[in-house]
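K.L.:
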Amino acid sequence: MTNTIGRAYADLRQQKAISLADAAGPILPATTLAAFEAGESPLGYGELRSVLGRIGARVADLATADADSGSWLDRWGYALDAYQRGELTTIPEIAGVPSQWHEVVVLVGRLAVVPPRERPALVTRWQKERLARIVMAPAIQGVFLHLIVFYTAHVLPNTIRRRLIQRLRDESRLVANAYLRIGSAAGALWALTEVELYLGNVQKGEELLNDLRRRLLTGDLYDRLAVRVLEVALAYQRQDTVTAEHLRYGVLAVLRLLGSSEETTRFRRHLDVIDRDLGGVDYAQ
Amino acid sequence: MLSDGNGLLLQHWWRTSGGRYAGTLSPQTDAMTVLHQLEEIPLTLQSYTIHQAPSLRGDSGDLLRLIARARLGVGVAERERLALGGRFVYAATGDIRGLILATLLHPVTDSTLQASDRTALVTYLQAQPRWTGFEFVVLRLVLGRIVTLEDVYLLWPQLTQAPSVSPRQARMRVPLQAAALLSVLRHAIASGDLPRAQQTQDALDSIPAALLDVQHLFWRRVGTAALLVARGGDDTHPGEALFVNLMDTSEFLQSPGLATALNVVWQASRQIALRHK
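Protein chains in written order, with the working numbering: chain A, 15 to 299; chain B, 1142 to 1418.
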């Protein structure tokens, strides 16, 4: 994965009308700085601080730079999350995606806008094989891996899903920030659990659900709501529509009390899909 | 280069901590370890952290994670050593992260050093014109330990600064701002300081719900309920009713710890109301 924070640095440097050679100074070759700005290679933090100092800027200035700066991965995660919350009606093209990941980013974007059951039909056999290779590659980790798994879990083969579960169980539950929740290990495990429930593997699904519950901390209210959504799917698979309806009502009542229309949109959309796919009920109409 | 007051205090502290380190590592060695670790810390820049995460293997990305890991994963002696290293880094380089590391890992009991730490942290936070995220986290962590509720008045402009125009950056920064404000609110309620609590609640209420995380929305509602109950009179009934709803929510979310924490705030609010009768 390449470092595209370089774009933000380039913006700051150009705003201050400082040449590449002057910014690089004696610290590093201008070609290295150019590669960093182009997102082709990372800089160590010490070097980054030094070249920031050369243009009279601080690390914090990068964080408050233009919204288009920051890593493509961060902007991609934000766009996917904003789509779920109804803040975006389409998933925009993400600038700065490295060429080797462009296809998978476009594919995930296509899958993200359709319900899970429709996803397998949108993926070719070749794409499934490529996805499997990507998610199993040891070098592919963190937000990038989790986002791919979140949206492609329903098209991955059983063996790959099982191996992913083993791998993700040991990962940190850290969430970098609120809009990258779906890009966390917990988000990816949530999606893998949903697949088992969709496939009617109730025992496996319940086992994974218990695993998710065990990982919850007191304050993980978002994750606790997300677990309740999976319990709706489990209830439908057990033919227990009363419990499913009770849980659905509970999730939406909590969000109403908290006053978040965006989170209500996210959870209602997901509940509507589960209700339709597994319960045969169309609340959306 | 230990030229400032903190350097002298540090020397004093080093002398009083005596032979504890004799024959093992020196504080200078620890300082080098800390410096080396700090060099790897992107600090405020979350996107950089995210990018770097794969090459950093797991959670070794930033200062706060380093602190969390050190707090959980090592014994008291190791924490003290890291803290002393942090103090040396701060005294020698002025890098505030060294002091933050030290104060959070091993708060001192010496009142002169405590006062010096408090001044240094408040001065640092006050000097940052626009808080990008890290400062909110630092305030939350040191509030009540080193920095007092009174100090928060000095930091109010930064603490309540409006979010960035970029929705993405606002959603990155505002939850951290909300968490810091909620921490101030909790301290204000716990100390019965209703005007400060109300001022903080007003600041929280001015943040659009869309920018807040679910847990911050929950605790913001708790703040509303707590202030209604604490004010008493006609506000008591709606406050109590809101607490009941929030308690139902914690039950639905299957979080006994949340219910316990909620109950603490509920009882504290009732106590304030009784005192103000």
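Built from N, CA and C at the ideal position, the CB exists for glycine as well. All values reported here derive from a predicted model rather than from experimental measurement.
Using a Cβ-Cβ cutoff of less than 8 Å, which residues in the same chain neighbour G214/A once the five nearest sequence positions on both sides are dropped?
P.N.:
Your numbering for residue 214/A matches position 200 in the first sequence. Only Q251 meet the Cβ criterion.
K.L.:
Given this structure, state the Cα-to-Cα distance separating V157/A from P1336/B, to the nearest angstrom.
P.N.:
Reading the first sequence from its first residue, position 143 is the one you call residue 157/A. Reading the second sequence from its first residue, position 195 is the one you call residue 1336/B. Roughly 42 Å separates the two Cα atoms.
K.L.:
Using 8 Å as the limit for Cβ to Cβ distance, is V268/A near chain B?
P.N.:
Looking up residue 268/A in the first sequence gives position 254. Chain B, which has a Cβ nearer than 8 Å to the Cβ of V268/A, makes this yes.
K.L.:
According to DSSP, V1288/B sits in a beta bridge with which residue or residues?
P.N.:
Within the second sequence, the letter at position 147 stands for residue 1288/B. Looking at the DSSP assignment, V1288/B forms a beta bridge with L1284/B.
K.L.:
Per the contact definition of three or more C-beta pairs closer than 8 Å, is the segment 61-69 of chain A in contact with the segment 36-47 of chain A?
P.N.:
With three or more CB-CB distances shorter than 8 Å, the segment 36-47 of chain A counts as touching the segment 61-69 of chain A.
K.L.:
In angstroms, rounded to a whole number, what distance separates the CA positions of W86/A and R133/A?
P.N.:
Translated into positions along the first sequence, residue 86/A becomes position 72. Translated into positions along the first sequence, residue 133/A becomes position 119. When rounded, the distance between both Cα atoms is 24 Å.
K.L.:
Using 8 Å as the Cβ pair cut-off and three pairs as the minimum, do the segment 1322-1331 of chain B and the segment 1276-1294 of chain B touch?
P.N.:
yes
K.L.:
Residues of the segment 1291-1324 of chain B in Cβ contact with chain A at a cutoff of 7 Å, in chain order, please.
P.N.:
For chain A, the residues of the segment 1291-1324 of chain B that bring a beta carbon within less than 7 Å of one of its beta carbons are S1305, S1307, R1309, Q1310, R1312, M1313, P1316, in chain order.
K.L.:
Would you call the segment 261-278 of chain A in contact with the segment 1339-1358 of chain B, where contact means no fewer than 3 C-beta pairs closer than 8 Å?
P.N.:
yes
K.L.:
Pairs of beta-carbons, one from the segment 1374-1393 of chain B and one from the segment 284-291 of chain A, closer than 8 Å: are there three or more?
P.N.:
Touching, no.
K.L.:
What would DSSP say about S1257/B, mapped onto helix, strand or coil?
P.N.:
Position 116 of the second sequence, counted from the start, is the residue given in the question as residue 1257/B. Here DSSP, grouped into helix, strand and coil, assigns S1257/B to helix.
K.L.:
Can you check whether the C-beta of A81/A is within less than 8 Å of a C-beta belonging to chain B?
P.N.:
Within the first sequence, numbered from 1, the residue matching residue 81/A stands at position 67. Only weak support exists for where A81/A lies, its pLDDT of 40 falling under 50; the value from the coordinates is given anyway. Yes - at least one Cβ of chain B is within 8 Å of the one on A81/A.
K.L.:
Since L1394/B contacts T1365/B with CB under 8 Å, what's their CB separation in whole angstroms?
P.N.:
For the purposes of this step, residue 1394/B is identified with residue 253 of the second sequence, where counting begins at 1. For the purposes of this step, residue 1365/B is identified with residue 224 of the second sequence, where counting begins at 1. Not really, about 19 Å apart at Cβ, beyond 8 Å.
K.L.:
As a quick exercise: from D234/A, A153/A, E220/A, G20/A, pick the residue whose alpha carbon is nearest that of L244/A.
P.N.:
Locating residue 244/A in the first sequence gives position 230, counting from the first residue. The residue with the shortest Cα to Cα distance from L244/A is E220/A.
K.L.:
Taking the alpha helix (DSSP H) that L1368/B falls in, what are its first and last residues?
P.N.:
One-based indexing of the second sequence puts residue 1368/B at position 227. Where L1368/B is concerned, the enclosing alpha helix (DSSP H) stretches over 1355-1372.
K.L.:
Using only the heavy atoms of the ligand NAP, determine whether one of them is closer than 7 Å to the beta carbon of E1291/B.
P.N.:
For the structure depicted, the ligand NAP is absent and the ligand set is empty, with no information on it obtainable.
K.L.:
Determine the chain B residues that contact Y236/A at a beta-carbon separation under 8 Å, and present them in chain order.
P.N.:
By 1-based counting over the first sequence, the position of residue 236/A is 222. Using a Cβ-Cβ cut-off of 8 Å, Y236/A is close to D1354, V1355, Q1356 of chain B, given in chain order.
K.L.:
At a Cβ cut of 7 Å, what residues of the segment 1382-1395 of chain B count as close to chain A, listed as they run along the chain?
P.N.:
N1386, T1390, F1393, L1394, Q1395
K.L.:
Would A1367/B count as contacting chain A if we go by Cβ distances under 8 Å?
P.N.:
Stepping through the second sequence from its first residue, residue 1367/B is reached at position 226. No, A1367/B lies away from the interface with chain A (no Cβ there is under 8 Å from its Cβ).
K.L.:
Let me confirm a value: G1367/B is counted as buried when at least 16 other C-beta atoms fall within 10 Å, else exposed. Which label applies?
P.N.:
Locating residue 1367/B in the second sequence gives position 226, where the first residue counts as 1. Checking the sequence, you will find Ala at residue 1367/B rather than Gly. When all chains shown are included, A1367/B counts as buried.
K.L.:
Hey, could you find the ends of the alpha helix (DSSP H) P1397/B is sitting in?
P.N.:
Position 256 of the second sequence holds residue 1397/B. Looking at the DSSP string, the run of the alpha helix (DSSP H) that includes P1397/B is 1397-1417.
K.L.:
Residues in its own chain within less than 6 Å of T257/A by CB, not counting five upstream and five downstream?
P.N.:
Numbered from 1 along the first sequence, position 243 holds the residue referred to as residue 257/A. A249, listed in sequence order.
K.L.:
Applying a beta-carbon distance threshold of less than 9 Å, which residues of chain B neighbour N224/A?
P.N.:
Stepping through the first sequence from its first residue, residue 224/A is reached at position 210. By Cβ distance, chain B contributes nothing, its closest Cβ being about 12 Å from N224/A, past 9 Å.
K.L.:
Is it buried or exposed, S274/A, if we count other Cβ atoms within 10 angstroms and call 16 or more buried?
P.N.:
Locating residue 274/A in the first sequence gives position 260, counting from the first residue. With 16 or more other Cβ atoms within 10 Å, it is buried.
K.L.:
Where does Q1310/B land, buried or exposed, given buried means 16+ other C-beta within 10 angstroms?
P.N.:
In the second sequence, the residue the question calls residue 1310/B occupies position 169. Its Cβ being crowded by 16 or more others within 10 Å, Q1310/B is buried.
K.L.:
Mind reading off the beta-carbon distance from A126/A to L94/A? Whole number of angstroms is fine, and I expect it under 8 Å.
P.N.:
Start at 1 with the first residue of the first sequence, and residue 126/A comes out as number 112. Start at 1 with the first residue of the first sequence, and residue 94/A comes out as number 80. Indeed they touch by this definition, with Cβ atoms about 6 Å apart.
K.L.:
Note the first and the last residue of the continuous alpha helix (DSSP H) segment covering A1329/B.
P.N.:
As a working mapping, residue 1329/B is identified with position 188 in the second sequence. 1308-1331 is the span of the alpha helix (DSSP H), which, as asked, contains A1329/B.
K.L.:
Does V1230/B pass the burial test, meaning 16 or more other C-beta atoms within 10 Å, or should it be called exposed?
P.N.:
If you number the second sequence from 1, residue 1230/B lands on position 89. Its Cβ being crowded by 16 or more others within 10 Å, V1230/B is buried.
K.L.:
Just how far apart, CA to CA, sit D36/A and A22/A?
P.N.:
Here residue 36/A refers to the residue found at position 22 of the first sequence. Here residue 22/A refers to the residue found at position 8 of the first sequence. Rounded to the nearest whole angstrom, the C-alpha separation of D36/A and A22/A is 17 Å.
K.L.:
On a Cα-Cα basis, can you pick out the residue from L206/A, D88/A, I174/A that is closest to Y165/A?
P.N.:
In the first sequence, counting from the first residue as 1, residue 165/A sits at position 151. For the residues L206/A, D88/A, I174/A, the minimum Cα distance to Y165/A belongs to L206/A.
K.L.:
Listing by chain order, which chain A residues have their CB less than 8 Å from the CB of A1338/B?
P.N.:
Counting from one through the second sequence, the residue named residue 1338/B turns up at place 197. By Cβ distance, chain A contributes nothing, its closest Cβ being about 20 Å from A1338/B, past 8 Å.
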